[in-house]
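**Student:**
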Ligand SMILES: C[S@@+](CC[C@H](N)C(=O)[O-])C[C@H]1O[C@@H](n2cnc3c(N)ncnc32)[C@H](O)[C@@H]1O
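Numbering (the UniProt record's numbering), first residue to last: 1 to 374.
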């Protein structure tokens, strides 16, 4: 799979669009709003530039694309008001892969960022992979990315030739039965990608600039094949395998699909940042996010609880569809998608009756170390 070509969230604003099915990603971002605002203000205060340059990496489409930038602008403006200085201009650089629905992001610019005339705020789209250079040297003050860096640049392929077998037989991603060498291959791909990502951003950021990244991950000590980390892929694989048993398509189709995805642990993230060496870690932790982040998860029992959990299953199925459908369509047939995701929703409903409807994320906030004088 050529990830750059194939991966894109469902565009537009229809029922299966990312714009309409990305509530969990907006909750993930909102859970770290205060940390992010204070990190952005610190990055402004460290050099008080006339123009604060902010990059949003993996912006996708829908309201989330501009949400963080607008909150950062608010925080920096309030800081300037308190300190009696005039706010800087803001340059918002919105990055995603070229097949992203940038047009729908641009159509929200005036509403969400209220660019002109109230603010000197300018926004540009930057198509390209964040696993390569995207911006000029020392040009960025603050970098943000949410719910994106768990996507690898590619599926770890070399290991398939060594194993002479499918990477994830009957599955789409790591699972309980994954052999150690495959786990290692996924980790190596993450290590290579994340290290390269840090190297590129280190070139692009000013000294003292800050970068906050949030992505699917694992708690300290949690294994890569824990069910908490893999259940959304496991159940999707089960829906597809059930369909192969009913003759929809041969099971080799499932064997040969592998998600270019990795949910790293807190320790793995720390290891890569430290060995890359250009950043100091300010914040690093795992946190859980669920649709009822602000409510008691145990509310209701019996039928009421079942309905309540079914709601989560529906939202999760729609969210995974909006995210993964482009990849599945490129490998399976488009007309089976409705069937796949109906089955997936039923499996999630059963899963959430016994398990918490939540996802684990890692947040890491980094400061660009000063470059050594020549
Ligand atoms: C789940 S969306 C997250 C969107 C948004 N940040 C949010 O929080 O709702 C992940 C986005 O990352 C993008 N992405 C994945 N790999 C990428 C890469 N190598 N370079 C740039 N964007 C990438 C995808 O295209 C997708 O739009």
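Positions of the beta carbon are idealized from the N, C-alpha and C atoms, including for glycine.
1) Given a threshold of 16 other Cβ atoms within 10 Å of its Cβ, counted over all protein chains shown, does residue 239 qualify as buried or as exposed?
2) Below 8 angstroms between beta carbons: does that hold for residue 188 and residue 153?
3) Could you tell me how far apart the beta carbons of residue 202 and residue 279 are, in whole angstroms, since I believe they sit closer than 8 angstroms?
4) Give me whichever residues DSSP pairs with residue 96 in a beta bridge.
5) Please decide whether residue 88 counts as near chain B, where near means a Cβ-Cβ distance under 8 angstroms.
6) Between residue 174 and residue 121, how many whole angstroms is the CB-CB distance? I'm expecting something under 8 angstroms.
7) Out of 233, 200, 144, 245, point me to the one whose CA is closest to residue 176's CA.
8) Considering just the uninterrupted stretch of the beta strand (DSSP E) at residue 56, what are its terminal residues?
9) Say the cut is 7 angstroms; is the CB of residue 165 nearer than that to a heavy atom of ligand 1?
10) Going by beta carbon distance, what residues of the same chain come within less than 7 angstroms of residue 37, once the five residues before and after it are set aside?
11) Should residue 165 go down as buried or exposed, given a rule of 16 or more other Cβ atoms within 10 Å for buried?
12) Tell me which residues share the same chain as residue 282 and place their Cβ nearer than 8 angstroms to its Cβ, disregarding the 5 neighbours each side in the sequence.
13) Report the option in 316, 87, 155, 262 whose CA atom is closest to the CA atom of residue 2.
14) Measure the CB-CB distance between residue 22 and residue 263 and report whether it falls below 8 angstroms.
15) If you scan the stretch 188-266 from start to end, which runs of the beta strand (DSSP E) of 3 or more residues do you find wholly inside it?
16) Would you call the CB atoms of residue 61 and residue 105 closer than 8 angstroms?
17) What residues in its chain sit with their C-beta under 8 angstroms from that of residue 336, if we drop five residues either side in the sequence?
18) Under 8 angstroms by Cβ, that's how I've got residue 24 and residue 56 pegged, so tell me the actual separation to the nearest angstrom.
19) Between residue 324 and ligand 1, is there a pair consisting of the residue's CB and a ligand heavy atom that are separated by less than 7 angstroms?
20) Look at residue 218 and residue 148 and say whether their C-beta atoms are less than 8 angstroms apart.
21) Start and end of the beta strand (DSSP E) containing residue 361?
22) Return helix, strand or coil for residue 274, following the three-state DSSP convention.
23) With a Cβ-Cβ cutoff of 8 angstroms, do residue 123 and residue 140 count as a contact?
24) Between the beta-carbon of residue 370 and the beta-carbon of residue 291, is there less than 8 angstroms?
25) Output the distance between the C-alpha atoms of residue 311 and residue 4, rounded to the nearest integer angstrom.
26) Check this for me: beta carbons of residue 96 and residue 127, under 8 angstroms apart or not?
27) Name the DSSP beta bridge partners of residue 146, please?
28) Using 8 angstroms as the threshold, is the C-beta distance between residue 112 and residue 52 below it?
29) Give the single residue among 254, 340, 207 whose Cα lies nearest to the Cα of residue 143.
30) Could you name the residues of the same chain whose beta carbon sits closer than 8 angstroms to that of residue 340, not counting the 5 residues immediately before and after it, in chain order?
31) Would you kindly report the start and end of the unbroken alpha helix (DSSP H) that includes residue 120?
32) Exposed or buried, what is residue 85 when buried is set at 16 or more other beta-carbons lying within 10 Å of its beta-carbon?
33) Along the chain, where does the beta strand (DSSP E) containing residue 284 start, and where does it finish?
34) Within the present structure, is the beta-carbon of residue 291 separated from the nearest heavy atom of ligand 1 by less than 7 angstroms?
**Tutor:** Quick look at the numbers:
1) buried
2) no
3) 7 angstroms
4) 127
5) Among the chains in the structure shown there is no chain B, since it carries only a single protein chain.
6) With a Cβ gap of about 42 angstroms, residue 174 and residue 121 do not count as contacting.
7) 233
8) 51-57
9) no
10) 71, 72, 75
11) exposed
12) 39, 210, 365, 366, 367
13) 155
14) no
15) 205-216
16) yes
17) 243, 248, 249
18) That pair is no contact at about 18 angstroms.
19) no
20) no
21) 358-368
22) helix
23) no
24) no
25) 33 angstroms
26) yes
27) 214
28) no
29) 207
30) 236, 239, 240, 243, 328, 332
31) First-last for residue 120: undefined, no H or E at that position.
32) exposed
33) 279-290
34) no
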